[in-house]
Amino acid sequence: MRFRIRTKFLHLLPLSLLTGLTTLSPSEAALSADRLTAIISGAEVSVPLDDVERFAITGEISEPFEPLAQELGEPTLTQMRGILLKRLTIDADDVERLTDTPLMEPLFEGLGKAFQSPEDETGYADIQTAIVRAAYSEDGLTLLNVMRQFPSDALEIEVPYIIQLIVELEVLIAYRESTVHAIAQDAEQEATSASSETITELPDLRSSGSYSVEKQSFSFSIRQPRLTPSGLAMSYDLPVDLYLPQDISQPVPLIVMSHGFGATRTNYAYLAEHLASHGFAVAALEHIGSDLQYRQVFLEGELDDIIRPLEYISRSLDITYLLDNLEAVVQEDEELADRLDLEQIGVMGNSFGGTTALSVAGAPFNPDRLRQDCSDDRITVSVSFMIQCIAKDAPFANLDLSDRRIKAVLAAYPMTSSVFGPEGISQITVPTMIVAGSEDFLAPVVQDQIHPFIWLQTPNKYLALMVPGTHFSSSDDAYVQDFPPSLLGPSTALGREYLQGLSVAFFGAYLGGDRMRSRYQPYLNSAYVQRISQDPLQLYLIQSLTPAQLEQAYGGFPPSPIIPAPVTATSSTSSR
Numbered sequence: 181m182r183f184r185i186r187t188k189f190l191h192l193l194p195l196s197l198l199t200g201l202t203t204l205s206p207s208e209a210a211l212s213a214d215r216l217t218a219i220i221s222g223a224e225v226s227v228p229l230d231d232v233e234r235f236a237i238t239g240e241i242s243e244p245f246e247p248l249a250q251e252l253g254e255p256t257l258t259q260m261r262g263i264l265l266k267r268l269t270i271d272a273d274d275v276e277r278l279t280d281t282p283l284m285e286p287l288f289e290g291l292g293k294a295f296q297s298p299e300d301e302t303g304y305a306d307i308q309t310a311i312v313r314a315a316y317s318e319d320g321l322t323l324l325n326v327m328r329q330f331p332s333d334a335l336e337i338e339v340p341y342i343i344q345l346i347v348e349l350e351v352l353i354a355y356r357e358s359t360v361h362a363i364a365q366d367a368e369q370e371a372t373s374a375s376s377e378t379i380t381e382l383p384d385l386r387s388s389g390s391y392s393v394e395k396q397s398f399s400f401s402i403r404q405p406r407l408t409p410s411g412l413a414m415s416y417d418l419p420v421d422l423y424l425p426q427d428i429s430q431p432v433p434l435i436v437m438s439h440g441f442g443a444t445r446t447n448y449a450y451l452a453e454h455l456a457s458h459g460f461a462v463a464a465l466e467h468i469g470s471d472l473q474y475r476q477v478f479l480e481g482e483l484d485d486i487i488r489p490l491e492y493i494s495r496s497l498d499i500t501y502l503l504d505n506l507e508a509v510v511q512e513d514e515e516l517a518d519r520l521d522l523e524q525i526g527v528m529g530n531s532f533g534g535t536t537a538l539s540v541a542g543a544p545f546n547p548d549r550l551r552q553d554c555s556d557d558r559i560t561v562s563v564s565f566m567i568q569c570i571a572k573d574a575p576f577a578n579l580d581l582s583d584r585r586i587k588a589v590l591a592a593y594p595m596t597s598s599v600f601g602p603e604g605i606s607q608i609t610v611p612t613m614i615v616a617g618s619e620d621f622l623a624p625v626v627q628d629q630i631h632p633f634i635w636l637q638t639p640n641k642y643l644a645l646m647v648p649g650t651h652f653s654s655s656d657d658a659y660v661q662d663f664p665p666s667l668l669g670p671s672t673a674l675g676r677e678y679l680q681g682l683s684v685a686f687f688g689a690y691l692g693g694d695r696m697r698s699r700y701q702p703y704l705n706s707a708y709v710q711r712i713s714q715d716p717l718q719l720y721l722i723q724s725l726t727p728a729q730l731e732q733a734y735g736g737f738p739p740s741p742i743i744p745a746p747v748t749a750t751s752s753t754s755s756r
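Our numbering numbers the first residue of the sequence shown as 181 and each following residue consecutively.
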């Protein structure tokens, strides 16, 4: 079923609005929608957008709006009313910059299934234009205003896709807000019940430790096939930076660090150095099939795929090959053997690296859920979901990528919802910490971190939530200085301090034996985190969360299931 939106002429928009939007002509830029035309049961129904706005404000359904309201149904109408005028607080200049990046192309292609016009069969350019125009207009970036700003005289809207979009926006807006509130309340309750007698006396783990740090850079020659920016190689070099505390009296635990897409092994060097100063060895490796060089080659148009499906597998194997080679080296290098305790290994990662870290820590990739979730008739505004769906073409069958040497995992802003699902996340048995940002646009916090935290079955689990944190709240400023401020959120300096303190406490508690555990466990509670949390970026830490808590906070069943129904395995996959 399709709808059409008719448009009228408005004043020409400011020239700055058109920067980068080369698909627009001046006459096209002057168009704006005022009516919604629906084809329902073979009959054309015309609904003024003013009537839609009145419905959003008062709940009144006008006579022209009645047929469309019946077609959408009561649940969708209720959600639609709540989000039509909900304004996203993001700077208009940032919106314009974001919409003109390759990262947004899959998003617009998906939305183009719901919004189409004769002039733009894919809907891509018109959607892009409408979003930017709405951001710059007085009414701002709301769903209703995006519809008003559509620059075509015949917008066609597919109802099933519109319903999907409304549900997802409800998750991203109202349900997310109630969920974040529930976590904050839970953390405050945990803090109240926790003993705080010695908290004020604890040393500050956000500060550098007592050890000087030595950095060694080298690469291992891996005699295994791997996709690289230039194609399939039968062997490859695996670059590694090893950070070691100096003047230590015994071998120390090792933490493997996996970077995100388009990054390098140095992006989180500040964190590696911090951990080493507290007595950990850190091996930061470079995934050559998804690092900065790969991203640059992709942006130059020399590669068709933003991420190749096989990279999900290759990244996990990179870590296993690294550990294999380190074990071989310490057999011959007595000095290094005296400095590394390869019986106590943790892994941590950021973004795509967080997904990689969870994989080697025991979460199997989930081809059956990917095939179910990533159907052609689904649209989304989640960049993470689109990137995860790339993995549906990866050859996961009969493949166990977990590494039993991993004793603990910390994943910051990971993508998890479909690539693992509850079936995969629930198989992690080692201590796990998930770090998240409440305003994460790239890996939505509800779908990719909060719900997966509930799926975890390991008894030692933690969710650290920064509010209003983003996907880049703990990034090194040197690597994100060109990013739009709306993507960074407030005070990345605070975010880095939080991650420094959390990572030392977490790995200290679970990689150092009983003595270290008793020393670091007091940091892993809401009372301590509440003491160090400060404006403008609050930090909350919880150790448990239930579906009932989220339902109570939302006031009913959420728009998206907290624990999705199990998927049925196909003959092409095997159970673990």
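Idealized CB from N, CA, C, for every residue including glycine.
Backbone secondary structure at residue 624 - three-state DSSP: coil
With 16 other Cβ atoms within 10 Å as the buried cut-off, status of residue 253: exposed
Spatial distance of residue 560 from residue 312 (CA atoms): 18 angstroms
Rounded straight-line distance, which links the Cα of residue 518 to that of residue 621: 44 angstroms
Whole-number beta carbon distance between residue 706 and residue 371, since they are thought to touch under 8 angstroms: 4 angstroms
Inter-stretch contact (C-beta, 8 angstroms, three-pair minimum) for the stretch 514-532 and the stretch 545-563: no
DSSP-derived helix/strand/coil call for residue 434: strand
Nearest neighbour of residue 164, chosen from 581, 625 and 576 [CA to CA]: Nothing about residue 164 can be reported from this structure: the residues present for the chain run from 181 to 756 only.
Among 427, 382 and 671, the one whose alpha carbon lies nearest that of residue 699: 382
Start-to-end residues for the alpha helix (DSSP H) that takes in residue 595: Per DSSP, residue 595 belongs to no alpha helix (DSSP H) and is neither H nor E.
Buried versus exposed call for residue 428 [16 or more other C-beta atoms within 10 Å across all chains shown]: exposed
Contact set for residue 277: own chain, Cβ-Cβ below 7 angstroms, skip 5 residues either direction: 664
Cβ-Cβ distance between residue 717 and residue 647 below 9 angstroms: yes
Distance CB(residue 710)-CB(residue 368) smaller than 9 angstroms: yes
Residue 307 - DSSP class collapsed to helix/strand/coil: helix
Start-to-end residues for the alpha helix (DSSP H) that takes in residue 525: Here residue 525 belongs to no alpha helix (DSSP H); instead the beta strand (DSSP E) covers 520-530.
Given 8 angstroms, three or more beta-carbon pairs between the stretch 588-608 and the stretch 524-542: yes
Residue 721 versus residue 659 - alpha carbon distance: 27 angstroms
Spatial distance of residue 226 from residue 742 (CA atoms): 37 angstroms
Backbone CA spacing between residue 449 and residue 287 [nearest angstrom]: 32 angstroms
Unbroken alpha helix (DSSP H) run spanning residue 236, endpoints: 229-238
Limits of the beta strand (DSSP E) - the one that residue 614 falls within: 612-617
Helix, strand or coil at residue 327 [DSSP, three-state]: helix
Enclosing beta strand (DSSP E) for residue 399 [first to last residue]: 393-402
Whole-angstrom distance between residue 723 and residue 363, CA atom to CA atom: 10 angstroms
Paired residues, beta bridge with residue 646 - DSSP: 617 and 719
Simplified DSSP state of residue 440, which is helix, strand or coil: coil
Cβ distance (whole Å) where residue 229 is taken to contact residue 248 below 8 angstroms: Incorrect: roughly 12 angstroms between the Cβ atoms, too far for contact.
Spatial neighbours of residue 780 in its chain, beta-carbon cut-off 8 angstroms, leaving aside the 5 residues before and after: Given a span of 181 to 756 for the chain in the structure shown, any question on residue 780 remains unanswerable.
Local conformation of residue 346 per DSSP, three classes: helix
Buried or exposed (CB count within 10 angstroms, at least 16 for buried), residue 206: Unreliable positioning characterises residue 206 in this predicted model, as indicated by a pLDDT of 35, which lies under 50. A coordinate reading is not provided.
Residue 419 and residue 477 closer than 9 angstroms at C-beta: no
Residue 400 beta carbon less than 9 angstroms from that of residue 417: yes
CA-to-CA distance, residue 289 to residue 481, given in whole angstroms: 18 angstroms
Cβ-based burial, residue 747 [other Cβ within 10 Å; buried from 16]: buried
Stretch-stretch touch, CB-based, cutoff 8 angstroms, three pairs: the stretch 635-652 with the stretch 237-248: no
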